[in-house]
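Q:
Chains as they are written, first to last, in our numbering: chain X, 17 to 425; chain H, 3 to 279; chain S, 3 to 321; chain G, 184 to 436.
#1: Pull up the DSSP beta-bridge partners for residue 90 of chain X, would you.
#2: Which of helix, strand or coil does DSSP assign to residue 208 of chain G?
#3: Nearest-angstrom Cα distance between residue 92 of chain X and residue 283 of chain X?
#4: Does the distance from the C-beta atom of residue 244 of chain G to that of residue 200 of chain G stay below 8 Å?
#5: Starting from the Cα of residue 101 of chain X, find the closest Cα among X:127, X:355, X:411 and give me that residue.
#6: Go through the segment 133-187 of chain S residue by residue and report every complete run of the alpha helix (DSSP H) that reaches 4 residues or more, in order.
#7: Which residue marks the beginning of the alpha helix (DSSP H) containing residue 284 of chain G, and which one marks its end?
#8: Spell out the partners DSSP gives residue 394 of chain X in its beta bridges.
#9: Starting from the C-beta of residue 10 of chain H, find all residues in its chain whose C-beta is less than 8 Å away, skip the five residues before and the five after it, and write them out in chain order.
#10: Note down the Cα distance separating residue 236 of chain S from residue 43 of chain H, rounded to an integer number of angstroms.
#11: Would DSSP call residue 41 of chain X helix, strand or coil?
#12: Just to check my reading of the structure: residue 172 of chain X and residue 399 of chain X have Cβ atoms closer than 8 Å, yes? What is that Cβ distance to the nearest angstrom?
#13: Answer with yes or no whether the minimum CB distance from residue 124 of chain S to chain H is below 8 Å.
#14: 8 Å is my cut-off, CB to CB: does residue 417 of chain X come that close to chain H?
#15: Is any beta-carbon of chain X found at less than 8 Å from that of residue 200 of chain S?
#16: Anything in chain X within Cβ reach of residue 6 of chain H, meaning under 8 Å, just list it in chain order.
#17: Let me see if you follow: with CB-CB separation under 8 Å, is residue 39 of chain H close to chain S or not?
#18: What whole-angstrom Cβ distance do residue 238 of chain G and residue 222 of chain G have, given they're in contact under 8 Å?
#19: Closer than 7 Å, Cβ to any Cβ of chain S: which residues of the segment 213-224 of chain H, in chain order?
#20: For residue 203 of chain X, would you say it is in contact with chain H, using Cβ-to-Cβ distances shorter than 8 Å as the test?
#21: Which residue marks the beginning of the beta strand (DSSP E) containing residue 192 of chain X, and which one marks its end?
#22: At 7 Å on the CB atoms, spell out the chain H contacts of residue 285 of chain G, in chain order.
#23: Determine, using beta carbons only, whether residue 50 of chain H comes closer than 8 Å to chain S.
#24: Helix or strand or just coil, what does DSSP make of residue 318 of chain S?
#25: Based on the DSSP secondary-structure assignment, which residues constitute the bridge partners of residue 145 of chain X?
#26: Take residue 264 of chain X and list the residues in its own chain whose beta-carbon comes closer than 8 Å to its own, dropping the five residues that flank it on each side.
#27: How long is the line joining the alpha carbons of residue 123 of chain X and residue 239 of chain H, rounded to whole angstroms?
#28: Within a Cβ cutoff of 8 Å, which residues of the same chain sit near residue 423 of chain X, ignoring the five residues on either side of it in sequence?
#29: Below 8 Å on the Cβ atoms is my contact criterion, and I expect residue 137 of chain S with residue 150 of chain X to pass it. Report the Cβ-Cβ distance as a whole number of Å.
#30: Which full runs of the beta strand (DSSP E) of 3+ residues lie inside the segment 73-117 of chain X, going along the chain?
#31: Taking the alpha-carbon of residue 157 of chain S as reference, which of X:219, X:213, X:238, X:268 has the nearest alpha-carbon?
#32: Going by C-alpha to C-alpha distance, which of X:220, X:341, X:425, X:139 sits closest to residue 80 of chain X?
#33: By DSSP, does residue 51 of chain S sit in helix, in strand, or in coil?
#34: Is there a C-beta anywhere in chain S that falls below 8 Å from the one on residue 135 of chain X?
#35: Can you find a CB in chain H that lies within less than 8 Å of the CB of residue 302 of chain G?
#36: Does residue 120 of chain S have its Cβ less than 8 Å from a Cβ in chain H?
Written as structure tokens, this is what we have:
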């Protein structure tokens, strides 16, 4: 009996000892400190995004503090990992907003996480801005505190498809999408078929949707089916790492047809999958983007990314790094300009000020041009239809997500 | 109480119910790796009832529990033919079939997920969690629990002394499915958004893990397991990217140190005597 | 599926159909069969890996999915160092077998005699560790081979078989045959079968059961590793989470083939591969998993001993 | 023999085959109310198979099992048990992790509302507890009441098994080698218990290898060899039956 008791104590102790190490309790924002929060997936299938996001925010923190801080106060960004698990993202937000008393939160990254985290942001009355979610309507459903520094995929698609049609003389397409990924499935089953119709492109498998599931190794049957349909182009609606599987299979079966997709495709990994297959997708940022601002950003961030273990040697800053960098910068701008005090007793008022600043924001100098937010909480900013071929992205069309297509970008 | 701890507590409460659903089935010697499927059924039914039919959450949960319980009974009958790991694999298949169904269930969003639910409080979640836990603990003191233990231990002997193993095992499946549905319904209304991916094999395993880590022979083990499983990854945050690797290692270490789980009957008896001495 | 009855795939008018069932259709069918067979080979190897441990020890080793993934990474590391494929294959098998040995010593051996769920969860612990370690070492982005190893292909009309597909198929057959030889003809195989039959009796007969379980785990690991290398090379891209979905499917394949008959997987793998592919091709891709897992449940209920299992399954009730 | 009452148990030409092997062939057997009947025979004669057929663990290939004139042949085991046939096992089958006291509760049938089975024991089932106390006292198990049954000495485990069977107030009790491995004193105590059980109106069918025990206790004996009934009669008759001697001694010699 006593030995089993020791074992119980041992097992309980295992957990308790660990808790002791870090039982430091919440650190309250000192008056000379400005605290922001971020939710990124540093483990799980999107670990790469989360880790580069972390490096980006650390860089921003250092830049701001080196330049004298925010209104004389030191900037601190509390970054929490959500492990690509939506439920953890919600608790991250609760911790950031409730315990760490952050003024605003950057993140979460995925739409699935944003779907459950934004309602919490509303409940706790703190601004949360996603750096990557582009599933339609996610911020819109959670006004007024939810924002996304991304553009709704249907807006982007409206510019992407005409370019794609013109550039490759597309008259027919086949659509394949990841049915398990909410964003990809929405784009693949709703948005793209609609846009194709608007542009007079026939969807050859309109009555026979082709899908696969996140994590599937083999999409050969789907690709063979596409091959048999013999379309002019292929719509691949999937996260880049899944899209790699599809594009590799297309190459293997000799389906060398131009691919079009959503922002989910943008990554350097996808360019390596099949250099001979042209890929068209919208992006708000890409590493080789011309301009002083983006180039300085890339030049400063790239060496930092190289220090992180486990990332590919040739890694470049991603669109989501740019997005979260902009989110952080917007928050800091808001704190500076909207009279945010950063004092604990003003927390509620400060958060509201940041929200109101975001709502009214116009012409904020982002990396790729001015940024504002529309009524749905999504970004009004410039975007680029980029074409990836032979290992590099090349910008083809500059667009704007403003309702009229130009004002504000 | 901080919102963060409230969130953590809500997660524990939901996981506790999910773990109890596994516990009830496991008590009869049946290992279910498909309870996330029942959670999914519960989550979708409850959400439909509150959002589309406008029913109050409690009524919706009860209806979902009944429907899921009936499905559990329907699953329980064929499950009688299977034992041990084979049953586990069949239930795994069941969970995947449910998830696959939900992905294709366009009426409630399919892969796009479903929203519109109202947020529920931590207190409401725990009212359910504590009620079900107390109910299970009361049943543990009842004659039927002796029968359940007998069936788990030696089904043939149990039959020969007059116990209806079929009724007990199928009944347990039904009850487990009903409790899982409640867990699912609460999950849906805690997060106010659901998608089929929420109810994957991974979650089924989490539920089993909570039961085994906490102790699979007493209902309070499910509570201990749920607390550990939710708190541990939070405590391990200081390890940064090694957090989950450490979590896996701790899981193995805990099984090595105490394979019967943190709590068992002998320990509770010991503690009970200790507290009276 | 309106307009897409079974056997008559929708084809484009510009695809030169001359008769209701055109040559084009036939080639598509052939191509799909090849696709199904390749996928089936993958399933066979991983399912065999599961069933070695399951059949001999009655334990579901959930870390196998990650051994598969690790095998892939080991193989890639070798290929990226410009060494030939056979070296990569051996490295993948050896690496995965080594990790499998660790899993056996820490995750299985101490839990002998515990309920089946306990070692299953401890192997799950390993699976979590391996996924996260792989993420920390290689990143979560797909690791890709820049130019395809063995990029040759054979064309039969519009259908094409790549050289690597042939390699996958033939190496699978070779591995299964070697396993068959090992299990049926060698003393290790006899010992394995003895332990599978009855561990205690085997021990009384002087079989070193502890060492045999270690061998079973390592054999199983090396099969998973081989599958990882082959698949990695075939699809030319791997991630730390590559084993999750395919692992679950392989469990289904093992069940359908029968857990006690190692050879069951040899039939069930290609069968499920082809069923999946044909479901996608002629019914609808969205119901594929529904079909596969539904089939698994059906088999469990109707033929618990698996498609090939003979007589009573080892799980039938005895009084 | 009283022909107006149906026998408590009647086996009517029971055959049980496993594949092509006949474990029992055309076995007929009667146990009258209040009788103690012995079923003997060499190892592998089909005695335990007979018990398994009676209790429904095996389905008879042909023939009928009648309890008080009612056929129970195709009923599932638990229904047969509830109909009034309880048994013990040759290799003791107690429930692990259960105390002696719990064994006395577990097999009792529940009258009234099914929901009452879900209520904690102490609030709902006074009668069940009274019955368990009664049986506990009868089998003199009071001082090991809260011990896990499987940790008890062998002889006591057999008692617990018998006690468990008796709590359900069966009409017929099947005892499979009740004194195997016991010394003379322990066996005597069991004999006394069996006789007292019979006084309480119970009919008993038992398998036993201990000849002295069987001859002293049973009213009648049935002898099986290779699944075939080779003799039936009073102990004295059986002792003198050459076929029985042959079956036992012929092979031993």
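Where a beta carbon is used, it is the ideal one built from N, C-alpha and C, also for glycine.
A: So, to answer that:
#1: Walking along the first chain from the start, residue 90 of chain X turns up at place 74. Residue pairing by DSSP places residue 90 of chain X opposite X:49 in a beta bridge.
#2: Indexing the fourth chain from 1 puts residue 208 of chain G at position 25. Three-state DSSP puts residue 208 of chain G in a strand.
#3: Within the first chain, residue 92 of chain X is the residue found at index 76, counting from 1. Within the first chain, residue 283 of chain X is the residue found at index 267, counting from 1. Those two C-alpha atoms are separated by around 29 Å.
#4: As a position in the fourth chain, residue 244 of chain G is number 61, starting the count at 1. As a position in the fourth chain, residue 200 of chain G is number 17, starting the count at 1. Yes; because the gap between Cβ atoms is below 8 Å, this pair is in contact.
#5: Translated into positions along the first chain, residue 101 of chain X becomes position 85. Nearest Cα to residue 101 of chain X within the set X:127, X:355, X:411: X:127.
#6: 165-187, all fully within the segment 133-187 of chain S.
#7: Within the fourth chain, numbered from 1, the residue matching residue 284 of chain G stands at position 101. Run containing residue 284 of chain G: 283-289, per the alpha helix (DSSP H) assignment.
#8: In the first chain, counting from the first residue as 1, residue 394 of chain X sits at position 378. For residue 394 of chain X, the pairing in a beta bridge is given by DSSP as X:164.
#9: Taking the second chain and counting its residues from 1, one reaches residue 10 of chain H at position 8. For residue 10 of chain H, where only same-chain residues beyond five positions count, the Cβ hits under 8 Å are 232, 233, 236.
#10: Taking the third chain and counting its residues from 1, one reaches residue 236 of chain S at position 234. Taking the second chain and counting its residues from 1, one reaches residue 43 of chain H at position 41. Their Cα atoms are separated by approximately 38 Å.
#11: Taking the first chain and counting its residues from 1, one reaches residue 41 of chain X at position 25. Because residue 41 of chain X sits at a pLDDT of 43, beneath the cut-off of 50, its placement in the model cannot be relied upon, and the point is left open.
#12: As a position in the first chain, residue 172 of chain X is number 156, starting the count at 1. As a position in the first chain, residue 399 of chain X is number 383, starting the count at 1. Approximately 6 Å separates the beta-carbon atoms of residue 172 of chain X and residue 399 of chain X; this is inside 8 Å, confirming the contact.
#13: Position 122 of the third chain, counted from the first residue, corresponds to residue 124 of chain S. True, the Cβ-Cβ gap to chain H drops below 8 Å.
#14: Here residue 417 of chain X is taken as the residue at index 401 of the first chain, counted from 1. Not closer than 8 Å to any Cβ of chain H, the Cβ of residue 417 of chain X fails to qualify, so no.
#15: Within the third chain, the letter at position 198 stands for residue 200 of chain S. Not an interface residue.
#16: Here residue 6 of chain H corresponds to residue number 4 of the second chain, with the count starting at 1. The answer, in chain order, is 107, 110, 111, 114, 115.
#17: Against the second chain, residue 39 of chain H aligns to sequence position 37. Residue contact check for residue 39 of chain H against chain S: no CB pair falls below 8 Å.
#18: What you label residue 238 of chain G is simply residue 55 of the fourth chain in a count that begins at 1. What you label residue 222 of chain G is simply residue 39 of the fourth chain in a count that begins at 1. Their Cβ separation, rounded to whole angstroms, is 13 Å, which puts residue 238 of chain G and residue 222 of chain G out of contact at 8 Å.
#19: Answer set for the segment 213-224 of chain H: 214.
#20: As a first step, residue 203 of chain X must be located in the first chain, where it is residue number 187. It does not: the Cβ of residue 203 of chain X has no partner Cβ on chain H nearer than 8 Å.
#21: Mapped onto the first chain, residue 192 of chain X falls at position 176. Counting along the chain, the beta strand (DSSP E) containing residue 192 of chain X begins and ends at 188-194.
#22: Counting from one through the fourth chain, the residue named residue 285 of chain G turns up at place 102. Listed along the chain, the chain H residues whose CB falls inside 7 Å of the CB of residue 285 of chain G are 148.
#23: The residue given as residue 50 of chain H occupies position 48 in the second chain. For residue 50 of chain H, the closest Cβ of chain S is not nearer than 8 Å.
#24: Numbered from its first residue, the third chain carries residue 318 of chain S at position 316. For residue 318 of chain S, the predicted structure reports a pLDDT of 33, less than 50, and the residue's modelled location is therefore unreliable. The matter cannot be settled from this model.
#25: Residue 145 of chain X sits at position 129 when you count from the first residue of the first chain. Beta-bridge pairing links residue 145 of chain X to X:122, X:163.
#26: As a working note, residue 264 of chain X is residue 248 in the first chain. 289, 290, listed in sequence order.
#27: Here the question's residue 123 of chain X lines up with position 107 in the first chain. Here the question's residue 239 of chain H lines up with position 237 in the second chain. Residue 239 of chain H has its alpha-carbon roughly 18 Å from the corresponding atom of residue 123 of chain X.
#28: Here residue 423 of chain X is taken as the residue at index 407 of the first chain, counted from 1. Here the set comprises 416.
#29: In the third chain, residue 137 of chain S corresponds to position 135, counting from 1. In the first chain, residue 150 of chain X corresponds to position 134, counting from 1. That belief does not hold up - the Cβ atoms of residue 137 of chain S and residue 150 of chain X are roughly 24 Å apart, past 8 Å.
#30: Inside the segment 73-117 of chain X, DSSP marks whole beta strand (DSSP E) runs of 3 or more residues at positions 90-97, from first to last along the chain.
#31: If you number the third chain from 1, residue 157 of chain S lands on position 155. Relative to residue 157 of chain S, the option among X:219, X:213, X:238, X:268 whose CA is nearest is X:268.
#32: Here residue 80 of chain X corresponds to residue number 64 of the first chain, with the count starting at 1. The alpha carbon of residue 80 of chain X has as its nearest neighbour, out of X:220, X:341, X:425, X:139, the alpha carbon of X:341.
#33: As a working note, residue 51 of chain S is residue 49 in the third chain. Assignment of residue 51 of chain S by DSSP, reduced to helix, strand and coil, places it in the helix class.
#34: Your numbering for residue 135 of chain X matches position 119 in the first chain. No - not a single Cβ of chain S is within 8 Å of the one on residue 135 of chain X.
#35: Here residue 302 of chain G is taken as the residue at index 119 of the fourth chain, counted from 1. Answer yes: the Cβ-Cβ gap between residue 302 of chain G and chain H drops below 8 Å somewhere.
#36: Looking up residue 120 of chain S in the third chain gives position 118. It does; some Cβ of chain H falls within 8 Å.
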